[in-house]
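Q: The structure's right below; bear with me while I get my questions together.
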Amino acid sequence: VLWAYLRDLCQTPGFGDTVNQRHVKNHYYQVQSDVNPSKIVPVGPVLDWDAPHGREDLGGSPFGGGSAPTTQSNLSSYRVAPETD
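Quick look at the structure:
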């Protein structure tokens, strides 16, 4: 259920297109030395953020009666962080 929720977040305009998941993972494992003193970054899992999340089965909208918080078209200084290893 949590993976489906994260896939849904990553497919939400203004969230998934501005979050670099690889960077988040590497930062967590390499900078948080109290969590991972060896600074080893695990290889997996293989993640497909565009896979179906199943939210449509729940009904309703993640935005309630509103709309997505933002889109690329209404941000004048929009930039996507580059993928890094």
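Every letter in the sequence shown is one number past the one before it in our numbering, and letter 40, counting from 1, is 40. Here a beta-carbon is modelled for each residue, glycine too, at the ideal position from N, C-alpha and C. Bear in mind the structure is a predicted one, so any value in this text is a computation, not a measurement.
#1: Distance check for V1 and N20, CA to CA, integer angstroms please.
#2: What are the start and end residues of each continuous alpha helix (DSSP H) run of 4 or more residues lying completely inside the region 8 to 62, in chain order?
#3: Does L53 pass the burial test, meaning 16 or more other C-beta atoms within 10 Å, or should it be called exposed?
#4: Nearest to V43 by CA position, among S33, R55, Y29 and E56, is which residue?
#5: Please return the same chain residues whose Cβ sits closer than 8 angstroms to the Cβ of V41, not counting the five positions on each side in sequence.
A: Working from what's here:
#1: As the crow flies, the alpha-carbon of N20 is around 21 angstroms from that of V1.
#2: List check, alpha helix (DSSP H) in window: 21 to 31.
#3: Here residue 53 is His; the residue named in the question, Leu, does not match the sequence. Residue environment for H53: buried (at least 16 other C-beta atoms within 10 angstroms of its C-beta).
#4: Cα-wise, what sits closest to V43 is Y29.
#5: The residues K25, N26, Y29 and Q30, in chain order, have a CB closer than 8 angstroms to that of V41 in the same chain once the five nearest residues on each side in sequence are set aside.
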